[in-house]
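Visitor:
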Ligand code: G6P
Ligand code: ZN
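Residue numbers (the numbering used here): 86 to 668.
(1) Give every residue of the same chain whose Cβ lies closer than 8 Å to the Cβ of residue 454, excluding the five residues on either side of it in the sequence, and list them in chain order.
(2) Go ahead and label residue 124 buried or exposed: buried means 16 or more other beta carbons lie within 10 angstroms of its beta carbon, across all protein chains shown.
(3) Counting C-beta neighbours from all protein chains within 10 Å, is the total for residue 335 16 or more, i.e. buried, or is it exposed?
(4) If contact is defined by three or more beta carbon pairs under 8 Å, each pair taking one atom from either stretch, is the region 541 to 557 in contact with the region 645 to 653?
(5) Answer yes or no: the CB of residue 611 versus the heavy atoms of ligand 2, is any distance below 7 Å?
(6) Just to check, is the beta-carbon of residue 434 closer than 7 Å to a non-hydrogen atom of ligand 2?
(7) If we count the other Cβ atoms within 10 Å of its Cβ and call it buried at 16 or more, is residue 366 buried or exposed?
(8) Just to check my reading of the structure: residue 683 and residue 180 have Cβ atoms closer than 8 Å, yes? What is that Cβ distance to the nearest angstrom?
(9) When the Cα atoms are used, what is the spatial distance from residue 247 to residue 276?
(10) Using a Cβ-Cβ cutoff of less than 8 Å, which residues in the same chain neighbour residue 325 once the five nearest sequence positions on both sides are dropped?
(11) Using only alpha-carbon positions, find the residue among 409, 405, 342 and 333 that is nearest to residue 378.
(12) Using the three-state DSSP reduction, which class does residue 146 fall into: helix, strand or coil?
(13) Would you decide whether residue 298 is buried or exposed? Buried here means 16 or more other CB atoms lie within 10 Å of its CB.
(14) Could you spell out the range, first to last residue, of the alpha helix (DSSP H) harbouring residue 720?
(15) Would you mind stating whether residue 538 and residue 579 have Cβ atoms separated by less than 8 Å?
(16) Tell me where the beta strand (DSSP E) around residue 316 begins and ends.
(17) By DSSP's criteria, residue 467 is part of a beta bridge. Which residues make up the other side?
(18) What are the complete beta strand (DSSP E) segments, minimum 3 residues, inside the region 535 to 605?
(19) Taking contact to mean 3 or more Cβ pairs, one atom from each stretch, closer than 8 Å, check whether the region 438 to 452 and the region 506 to 526 are in contact.
(20) Just to confirm the assignment, what range does the beta strand (DSSP E) spanning residue 116 have?
(21) Report the rounded CA-to-CA distance for residue 167 versus residue 193, giving the unit in angstroms.
(22) Taking the C-alpha atoms as reference points, what is the distance between residue 406 and residue 498?
(23) Counting only beta-carbon separations shorter than 8 Å, does residue 176 have a partner in chain B?
(24) Can you find a heavy atom of ligand 2 that lies under 7 Å from the Cβ of residue 486?
(25) Residues in the same chain with beta-carbon distance under 7 Å from residue 669, minus the five sequence neighbours each way, listed in chain order, please.
(26) Secondary structure at residue 624, three-state DSSP: helix, strand or coil?
(27) Can we count residue 455 as close to ligand 1, meaning its CB is less than 7 Å from some heavy atom?
(28) Cβ of residue 210 versus every heavy atom of ligand 2: is any distance shorter than 7 Å?
(29) What are the boundary residues of the beta strand (DSSP E) that includes residue 250?
(30) Tell me the DSSP secondary structure of residue 637 in three-state form.
(31) Helix, strand or coil: how does DSSP classify residue 329 here?
(32) Report, in whole angstroms, the separation of the C-beta atoms of residue 518 and residue 502, which I expect to be a contact under 8 Å.
(33) Roughly how many whole angstroms lie between the Cα atoms of residue 104 and residue 130?
(34) Under 8 Å, do residue 459 and residue 229 count as touching if we go by C-beta distance?
(35) Using the rule of at least 16 other Cβ atoms within 10 Å of the residue's Cβ for burial, across every protein chain shown, is residue 252 buried or exposed?
(36) Output needed for residue 631: all residues of its chain with C-beta closer than 7 Å, excluding positions within five of it in sequence on either side, in chain order.
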């Protein structure tokens, strides 16, 4: 066994190490500065209670982006020096964010050990490579991201750090080979356990879904399928699950080899960045050469986001979570005894609200950010949740889960087509969505993003909207002057949330204008941008009349868009005559 010593390396604070909603994300060049990663990792160890470090088991892995392999070796050595008992690493350093959450919650080591936390190395849907982004975040014992109390402490520690501990004489561990390597340090044994990236996650998925019924769907000649991992870590799971377990053709997989730079692309599953999939599904400008598949889906770099498509048909994330909730009990064994409750983030459309009402389910509207769902789930109050930002998930783990969402959709398709698989016409993704609208009404929905706007101008625009919202009569005068074909504003406010579990209050979570007919305009500033400010404008209109649910959504929403832009004085404040991205 190799022996190592602990060396204390003198260091000093480096500015700007405040973790955002999903950890610390910076350019690779920032992370590779001397002591940069070390300071953050030591500050994290120092923020945790001693029992979560000394003698503990930690997971270290991520989406495989550039610099991950070096970062893993550094964290292993620092964990050893800080008295951690063992580090679990996914083979080649790969674990999706949802798989990390599953490993923390479910994996039991040969000696009965359980993990108490994880360093996840990812910058999610941001591009990777030497000139792009790297990121690190810490997840806790419940499998969810560290709460603000911990991330604040980490940040405070980065501002006062004087030294970090690192193992000396501990060689790099070969993380491409599954197996345990044992070392001996001043505090005793230290192990690095490299394990299969997919096993624990696949086992969990098999305990949630009826794989046999999905296999039958996939095997049916009427069905065809396409999955695009955008060269992110989802590829490590897609082949195992879709091809090996469910019998899909290998040609169903697009960009499913994880790459350090995501093939130079932007690993964000939306209609703009998942170009190849969008073309294959017959969407967008270019017509597909072949008949598009019946079902398509994509994931982001760390595989927690998802986009679901039907043949020539886009499912909005807000509709997706509502449809999963409406069909979960019949289609997914994990939910067969009922849903504990459902939840969405505030800017997500109210499609889920209508389902909750019909099915008499507990319902929660939380601020943007997955951590708010985690609290509800830990308290047994929520089973299914989702966000407009392409995140969907359930209480099987404490992160959103891209592959879970795809399996949920495949389960619904399998259930709806139980009787049709021998021949005859398949119930398609589009049929399911249109049927849902016919039953519950349709929430026309669009989001306008104004990226990299001057931060001061963005603040002024928000302040203007906050002020305006306090006098409804004025708001309605302005609205009436802009369009006569939109309904009256019945209510407006700045969204504030009191967590029903821990009582904490989150203020200033976006400005809402709620119309009498159920339409909504929501304005908020993004919490994930890296340059300037990003203003997001969410526009939604509810249509109950089944003869009016088939319109093009941009066309249906045009009057509200007009009102939103003029009410907010968008162009006046930002100088922008058009948004950067429309989804
Ligand atoms: C991350 C979080 C999501 C959240 C999203 C919002 O992806 O994990 O929970 O919805 O950021 O991003 P925004 O840029 O709108 O603040
Ligand atoms: Zn992600």
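Every residue, glycine too, gets a C-beta built ideally from N, C-alpha and C.
Guide: Checking against the coordinates, here is how it stands:
(1) Counting from 1 along the chain shown, the entry for residue 454 is found at position 369. Counting only Cβ-Cβ distances below 8 Å, and skipping sequence neighbours, we find 106, 430 and 612.
(2) Within the chain shown, the letter at position 39 stands for residue 124. Per the 10 Å Cβ criterion, buried.
(3) Start at 1 with the first residue of the chain shown, and residue 335 comes out as number 250. Answer is exposed; the Cβ neighbour count stays below 16.
(4) yes
(5) As a position in the chain shown, residue 611 is number 526, starting the count at 1. Residue 611 Cβ: outside cutoff for every heavy atom of ligand 2.
(6) Counting from 1 along the chain shown, the entry for residue 434 is found at position 349. Checking the Cβ of residue 434 against ligand 2 gives no.
(7) In the chain shown, the residue the question calls residue 366 occupies position 281. The residue in question, residue 366, is buried, as its Cβ has 16 or more Cβ neighbours within 10 Å.
(8) Because the chain is modelled from 86 through 668, residue 683 falls outside the range shown and cannot be assessed.
(9) Translated into the one-based positions of the chain shown, residue 247 becomes position 162. Translated into the one-based positions of the chain shown, residue 276 becomes position 191. Distance between the alpha carbons of residue 247 and residue 276: 28 Å.
(10) Position 240 of the chain shown, counted from the first residue, corresponds to residue 325. 283 and 287.
(11) As a first step, residue 378 must be located in the chain shown, where it is residue number 293. Cα-wise, what sits closest to residue 378 is 333.
(12) In the chain shown, the residue the question calls residue 146 occupies position 61. Here residue 146 sits in strand by DSSP.
(13) The sequence position of residue 298 within the chain shown is 213, counting from 1. With a threshold of 16 other beta carbon atoms within 10 Å, residue 298 meets it and is buried.
(14) Limits of the chain in this structure are 86 at one end and 668 at the other, which puts residue 720 out of reach.
(15) Taking the chain shown and counting its residues from 1, the one referred to as residue 538 is at position 453. Taking the chain shown and counting its residues from 1, the one referred to as residue 579 is at position 494. The beta carbons of residue 538 and residue 579 sit no closer together than 8 Å.
(16) As a first step, residue 316 must be located in the chain shown, where it is residue number 231. From DSSP, residue 316 is part of no beta strand (DSSP E); its letter is neither H nor E.
(17) Locating residue 467 in the chain shown gives position 382, where the first residue counts as 1. Bridge partners of residue 467: none, in fact.
(18) 574 to 579 and 596 to 600
(19) yes
(20) The sequence position of residue 116 within the chain shown is 31, counting from 1. Counting along the chain, residue 116 falls outside any beta strand (DSSP E), though it belongs to the alpha helix (DSSP H) covering 113 to 116.
(21) By one-based count along the chain shown, residue 167 stands at place 82. By one-based count along the chain shown, residue 193 stands at place 108. Rounded to whole angstroms, residue 167 to residue 193 spans 22 Å at the Cα level.
(22) Residue 406 sits at position 321 when you count from the first residue of the chain shown. Residue 498 sits at position 413 when you count from the first residue of the chain shown. So the alpha carbons of these two residues sit roughly 15 Å apart.
(23) This model lacks chain B altogether; it includes just one protein chain.
(24) Stepping through the chain shown from its first residue, residue 486 is reached at position 401. Checking the Cβ of residue 486 against ligand 2 gives no.
(25) With the chain covering only 86 through 668, there is no way to say anything about residue 669.
(26) Mapped onto the chain shown, residue 624 falls at position 539. The answer is strand: DSSP assigns residue 624 an E or B state.
(27) Position 370 of the chain shown, counting from 1, holds the residue named residue 455. Yes, the Cβ of residue 455 comes within 7 Å of a heavy atom of ligand 1.
(28) The residue given as residue 210 occupies position 125 in the chain shown. Checking the Cβ of residue 210 against ligand 2 gives yes.
(29) Mapped onto the chain shown, residue 250 falls at position 165. Counting along the chain, the beta strand (DSSP E) containing residue 250 begins and ends at 248 to 253.
(30) Reading the chain shown from its first residue, position 552 is the one you call residue 637. Note: residue 637 maps to coil in three-state DSSP.
(31) One-based indexing of the chain shown puts residue 329 at position 244. The answer is helix: DSSP assigns residue 329 an H, G or I state.
(32) Position 433 of the chain shown, counted from the start, is the residue given in the question as residue 518. Position 417 of the chain shown, counted from the start, is the residue given in the question as residue 502. Contact between residue 518 and residue 502 does not hold, since their C-beta atoms are separated by about 15 Å, which reaches or exceeds 8 Å.
(33) Position 19 of the chain shown, counting from 1, holds the residue named residue 104. Position 45 of the chain shown, counting from 1, holds the residue named residue 130. Rounded to whole angstroms, the separation of the alpha carbons of residue 130 and residue 104 is 15 Å.
(34) Looking up residue 459 in the chain shown gives position 374. Looking up residue 229 in the chain shown gives position 144. It is a contact, given that the beta carbons lie within the stated cut-off.
(35) Position 167 of the chain shown holds residue 252. Its Cβ being crowded by 16 or more others within 10 Å, residue 252 is buried.
(36) Your numbering for residue 631 matches position 546 in the chain shown. Same-chain partners within the cutoff: 523.
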